[in-house]
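K.L.:
One structure, as structure tokens, below. Some questions next.
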Amino acid sequence: MASCRQVDIWMQAYLDNELRHADKLVFEQHVANCNPCARQLNQHKQASALLYESLREKRLYMDFTSQVLGHLPEMDLTQTLATETTWRTKNPHRLTQLFFQWLPVFVPILLLVFGLALYYAWPNDEFHSEHVVGMVLQADGPAHWSREMDLMRRDVRLEQWINQADRFETGATSQLLLALAGPTQVAMDQASRIKIDDARRITVESGRIWLDVGPEDRYFQVITPSARIIVFGTRFEVAVDLQETVITVASGEVQVENEHSFAVLREGDRARVTLQNSMERDSVSRPERIARWAQEIQANPDAEAVFAATLPPRNGVVVNAEQVFVVDKRDHRIRAIRLRWEPTMQDAENPGEGYHLYIADDRMEPVYKHHLPGTLFRQAGNHSIEVDLPDNKILQNARILHIKLIPEDIQRKTDLTFSEIAVIGY
Amino acid sequence: MHLETDKDLVLRCLDGDTDAYGVLVGRYQAAVYATAYYYAGRVGGAEDVAQEAFWAAYRSLPRLREPERFASWLKEVTTRTAANWLRRNAPRMRAETPLPHRIQVSIEDLRQGPTKQLETAERYEQVQLAIDTLPERYRLPVILRYMQELSYEEISLFTGESKEEIRGILQRAGRQLRSLLADLNETQGDAQWHRADK
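Chain order of the listed sequences is A and B. For the first sequence, the working numbering begins at 1 and goes up steadily by one. For the second sequence, the working numbering begins at 1001 and goes up steadily by one.
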């Protein structure tokens, strides 16, 4: 059964007897059962009749063939002769003509399309082994990346190589899973921005990330606006906003520090480091529930396989770059500590690697931190230096001091071996 | 009966066979005449224009690049001829603009209502006005259909538009004309119905 709308469309063709037989039957059946359409048809019929009636008067009834033929002019053959030799008259095919007619239009369009295709397909993340530090294992939703010194933001693709100094940014609906050589997995939650400084160092500019750092002979460090985080093999979450950085540890050990203090966090610990250099610590009740969001991002198996084949896990011996000494000072008041180290072959050309000195008390609570610039070690002829300590209550009350030394450039292995640490009293 | 195609006839003409042109004239004179009428013939001259158009087409037949599209090419020639004809005759036509109909009305006629003659003239006027309100593109197909009763196929061949386009054009034009002419029909008193409300 046709609709009234269809019947209305068919009406003119029906009256002009230009409807297919089957449609005509449907039309007639509809009109027989539909009063409004029947009225329309009647009206249409009358309008048509009026048109025929009025225009018929002007109709041509005579045949003027003989009149035309009686006075036929000569054919103008000059045109044919003139155009006969052109390429077009030799190829009168309609398609060919159309082709040339539209040539000025579609050639630029074609060029544009080619240009765009080339532009987008141009390999912009070529594999340069010396710069490649990782790969995108999963891209869930539209995320962007950019290269340093290059303002253009590109879409992140699965299996994309990550180079040093690449920046990644997720939007309100996207999450990313990155793998760095080591291996380290970095999961980025929505609205996060990070910079991959290299395989063992990332900067979290904003948002929330989850790190699963594989054990390796180098430290892994995470830099945020308010804190520096140094880790070995461990899993933890870092959330950064305008005011503070919150670090929650799921397993392993993480050292968090800011300008003035430091803390060592273990499973279930949480630290809140603000830009005003305050550090608060507490713990979460169920460490296994930390960063559930990150567990839901599954790596693409193909990407994982390519990554593992290209940047295999380092299975070297885990060499701890930190050197820890325990000093029992009893109840003495101390004013300084003396560090002595073994002379090395490279003393002369020692680039002057500095060290960070961390002192914690019996309960491993932080007491003091200090930075020892590299020049100190180069200038000191007798391979020892003294570091003055503040005369504060916590320090003086502590009975046992845990003294830890971590090289400044923690990606390098230790180049000095400290042989002796002594406390100096008043 | 198998009709010779336009292409065959054109090729025969080009070989000097004037009878073949006679067949083409017979085939298209109605359309050419209606076109001439539409462009130039309101005040007479449609026949002259039509004949001139056929002569002009014959003269430039060698210039026709696609003989199978003779019909739509002929339409172009006709419109050009009509335009030239109008340019030549426009000053004279202005001078000859007919006076309004003068109709003698007797007392008897008045008693019976408007005369048949008046009705026809007025109706024709109305229909012309209605057609003039249609979009430009609709007008020639409407004239070809209602004046010469050409089939959709013939109209499409002549105007160069597809048959489906012609079907659509006539359907839309028909709908517009129906509403424009509905009032006229009603005043004629032979329609007791009203427009259906949708």
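Glycine included, C-beta positions come from ideal geometry on N, C-alpha and C.
Pull out every residue of the region 12 to 31 of chain A whose Cβ sits closer than 9 Å to any Cβ of chain B, in chain order.
P.N.:
Correct list: Q12, A13, L15, D16, N17, E18.
K.L.:
Can you check the region 262 to 302 of chain A for any alpha helix (DSSP H) of at least 4 residues that lies completely inside it and give the ranges in chain order?
P.N.:
For the region 262 to 302 of chain A, whole alpha helix (DSSP H) runs of length 4 or above, ordered along the chain, are 292 to 295.
K.L.:
Return the residue from the list A:Y52, A:H71, A:H93, A:R270 that minimises the CA-CA distance to Q1128 (chain B).
P.N.:
Taking the first residue of the second sequence as position 1, residue 1128 (chain B) is located at position 128. Comparing Cα positions, the closest option is A:Y52.
K.L.:
Please check if any C-beta of chain B sits within less than 8 Å of the C-beta of P151 (chain A).
P.N.:
For this step, residue 151 (chain A) is matched to residue 151 along the first sequence. Rather than Pro, the amino acid found at residue 151 (chain A) in this sequence is Leu. So no, L151 (chain A) is outside the interface.
K.L.:
Let me make sure I understand the geometry here. Which of B:R1175, B:R1178, B:A1046, B:R1080 has the alpha-carbon closest to that of A1057 (chain B)?
P.N.:
Walking along the second sequence from the start, residue 1057 (chain B) turns up at place 57. Ranking the options by Cα distance to A1057 (chain B), first place goes to B:R1080.
K.L.:
Kindly give me the distance between the Cβ atoms of E420 (chain A) and G354 (chain A), rounded to whole angstroms, as I take these residues to be in contact under 8 Å.
P.N.:
On the first sequence, position 420 is the one that residue 420 (chain A) refers to. On the first sequence, position 354 is the one that residue 354 (chain A) refers to. Not quite, the Cβ-Cβ distance comes to about 19 Å (not below 8 Å), so this is no contact.
K.L.:
Beta-carbon of S54 (chain A) versus every beta-carbon of chain D: anything under 8 Å?
P.N.:
The question asks about chain D, but that chain is absent: this structure's protein chains are A and B.
K.L.:
Mind checking whether F220 (chain A) and K369 (chain A) have CB atoms under 8 Å apart?
P.N.:
As a working note, residue 220 (chain A) is residue 220 in the first sequence. As a working note, residue 369 (chain A) is residue 369 in the first sequence. No; because the gap between Cβ atoms is not below 8 Å, this pair is not in contact.
K.L.:
Taking N33 (chain A) as part of the alpha helix (DSSP H), name the residues at either end of that continuous run.
P.N.:
By 1-based counting over the first sequence, the position of residue 33 (chain A) is 33. Start and end: 21 to 33.
K.L.:
Going by beta-carbon coordinates alone, are V132 (chain A) and I162 (chain A) separated by less than 8 Å?
P.N.:
Translated into positions along the first sequence, residue 132 (chain A) becomes position 132. Translated into positions along the first sequence, residue 162 (chain A) becomes position 162. Contact: yes.
K.L.:
Assign M11 (chain A) to one of two classes, buried (16 or more other C-beta atoms within 10 Å of its C-beta) or exposed (fewer than that).
P.N.:
As a first step, residue 11 (chain A) must be located in the first sequence, where it is residue number 11. With 16 or more Cβ atoms within 10 Å of its Cβ, M11 (chain A) is classed as buried.
K.L.:
So what does DSSP say about W122 (chain A), is it helix, strand or coil?
P.N.:
As a first step, residue 122 (chain A) is located in the first sequence; it is residue number 122 there, counting from the start. In this structure, W122 (chain A) counts as coil in the three-state DSSP scheme.
K.L.:
Ignore the nearest five residues each way along the sequence and tell me which others in A1034 (chain B)'s own chain have a CB closer than 6 Å to its CB.
P.N.:
Here the question's residue 1034 (chain B) lines up with position 34 in the second sequence. Around A1034 (chain B): I1143, L1144, M1147, Q1148.
K.L.:
What's the C-alpha gap between F64 (chain A) and L72 (chain A)?
P.N.:
As a first step, residue 64 (chain A) must be located in the first sequence, where it is residue number 64. As a first step, residue 72 (chain A) must be located in the first sequence, where it is residue number 72. Between F64 (chain A) and L72 (chain A), the C-alpha separation is close to 12 Å.
K.L.:
Ignore the nearest five residues each way along the sequence and tell me which others in E1164 (chain B)'s own chain have a CB closer than 7 Å to its CB.
P.N.:
Numbered from its first residue, the second sequence carries residue 1164 (chain B) at position 164. The answer is none, since no qualifying residue turns up.
K.L.:
Rounded C-beta distance between H260 (chain A) and V326 (chain A)? I'm assuming under 8 Å.
P.N.:
The sequence position of residue 260 (chain A) within the first sequence is 260, counting from 1. The sequence position of residue 326 (chain A) within the first sequence is 326, counting from 1. With 8 Å as the limit, H260 (chain A) and V326 (chain A) do not qualify as a contact, their Cβ atoms being about 24 Å apart.
K.L.:
So what does P407 (chain A) bridge to, in DSSP terms?
P.N.:
In the first sequence, the residue the question calls residue 407 (chain A) occupies position 407. In DSSP, P407 (chain A) forms a bridge with A:Y355.
K.L.:
Compute the Euclidean distance between the alpha carbons of R1040 (chain B) and I1131 (chain B), then round it to the nearest angstrom.
P.N.:
Reading the second sequence from its first residue, position 40 is the one you call residue 1040 (chain B). Reading the second sequence from its first residue, position 131 is the one you call residue 1131 (chain B). Per the sequence shown, residue 1040 (chain B) should be read as Ala rather than Arg. Taking the straight line joining both Cα atoms gives about 15 Å.
K.L.:
So, under 8 Å CB-CB, I196 (chain A) and Q164 (chain A) are touching, yes? Tell me the CB distance rounded to an integer number of Å.
P.N.:
To locate residue 196 (chain A), count along the first sequence from 1; it is residue 196. To locate residue 164 (chain A), count along the first sequence from 1; it is residue 164. Sure, about 7 Å apart at Cβ, within 8 Å.
K.L.:
From the DSSP output, which residues share a beta bridge with Y52 (chain A)?
P.N.:
Residue numbering aside, residue 52 (chain A) sits at position 52 when the first sequence is read from its first letter. According to DSSP, Y52 (chain A) bridges with nothing at all.
K.L.:
Would you mind sorting M149 (chain A) into buried or exposed? The rule is 16 or more other CB atoms within 10 Å of its CB.
P.N.:
Within the first sequence, residue 149 (chain A) is the residue found at index 149, counting from 1. With fewer than 16 other Cβ atoms within 10 Å, it is exposed.
K.L.:
Kindly list, in the order they appear in chain B, the residues whose Cβ is closer than 8 Å to that of Q67 (chain A).
P.N.:
Position 67 of the first sequence, counted from the first residue, corresponds to residue 67 (chain A). Under the 8 Å cutoff, chain B gives Q1051.
K.L.:
For E169 (chain A), which beta-bridge partners are listed by DSSP?
P.N.:
Locating residue 169 (chain A) in the first sequence gives position 169, where the first residue counts as 1. Its beta-bridge partners are A:H144, A:R193.
K.L.:
Leaving aside the five residues before and after Q1029 (chain B) along the sequence, list all residues of the same chain whose C-beta is less than 8 Å from its C-beta, in chain order.
P.N.:
Start at 1 with the first residue of the second sequence, and residue 1029 (chain B) comes out as number 29. If we look at Q1029 (chain B) and ignore the five residues flanking it on each side, its Cβ neighbours are A1050, F1054.
K.L.:
So with CB distances below 8 Å, who are the chain A contacts of G1174 (chain B)?
P.N.:
Residue mapping note: residue 1174 (chain B) aligns to position 174 of the second sequence, counting from 1. Those are M11, Q12, L15, H44, A47, S48, listed as they occur along chain A.
K.L.:
Is any beta-carbon of chain B found at less than 8 Å from that of L60 (chain A)?
P.N.:
Sequence index remark: in the first sequence, residue 60 (chain A) carries index 60 (1-based). Yes, its Cβ sits closer than 8 Å to a Cβ of chain B.
K.L.:
Taking the beta carbon of H356 (chain A) as the centre, do at least 16 other beta carbons fall within 10 Å, making it buried, or is it exposed?
P.N.:
Here the question's residue 356 (chain A) lines up with position 356 in the first sequence. Classification of H356 (chain A): buried, given that the 10 Å Cβ count is 16 or more.
K.L.:
Could you tell me whether any Cβ in chain A is nearer than 8 Å to the Cβ of W1073 (chain B)?
P.N.:
On the second sequence, position 73 is the one that residue 1073 (chain B) refers to. Not an interface residue.
K.L.:
Does the structure place the region 28 to 37 of chain A close enough to the region 1013 to 1022 of chain B that three or more beta carbon pairs sit under 8 Å?
P.N.:
Counting Cβ pairs under 8 Å, fewer than three are found: no touch.
K.L.:
At the level of alpha carbons, what is the spacing between T203 (chain A) and I209 (chain A)?
P.N.:
As a first step, residue 203 (chain A) must be located in the first sequence, where it is residue number 203. As a first step, residue 209 (chain A) must be located in the first sequence, where it is residue number 209. About 11 Å.
K.L.:
Spell out whether any CB of chain A is found under 8 Å from the CB atom of S1203 (chain B).
P.N.:
With chain B covering 1001 to 1198 only, the question about residue 1203 (chain B) has no answer from this structure.
K.L.:
Taking Cβ-Cβ distances below 9 Å as the criterion, which residues of the region 1140 to 1156 of chain B are in contact with chain A?
P.N.:
Hits within the stretch, in order: V1142, I1143, R1145, Y1146, M1147, Q1148, E1149, S1151, Y1152, E1153.
K.L.:
Among A:T224, A:G115, A:Q255, whose alpha-carbon lies nearest the alpha-carbon of E322 (chain A)?
P.N.:
Sequence index remark: in the first sequence, residue 322 (chain A) carries index 322 (1-based). For E322 (chain A), the nearest C-alpha among the options comes from A:Q255.
K.L.:
Work out the CA separation of S251 (chain A) and P287 (chain A) for me, nearest whole Å.
P.N.:
Counting from 1 along the first sequence, the entry for residue 287 (chain A) is found at position 287. Counting from 1 along the first sequence, the entry for residue 251 (chain A) is found at position 251. Near 8 Å, if we compare the C-alpha coordinates of S251 (chain A) and P287 (chain A).
K.L.:
Can you look up R59 (chain A) in the DSSP assignment and give me helix, strand or coil?
P.N.:
The residue given as residue 59 (chain A) occupies position 59 in the first sequence. R59 (chain A): coil per DSSP, three-state reduction.
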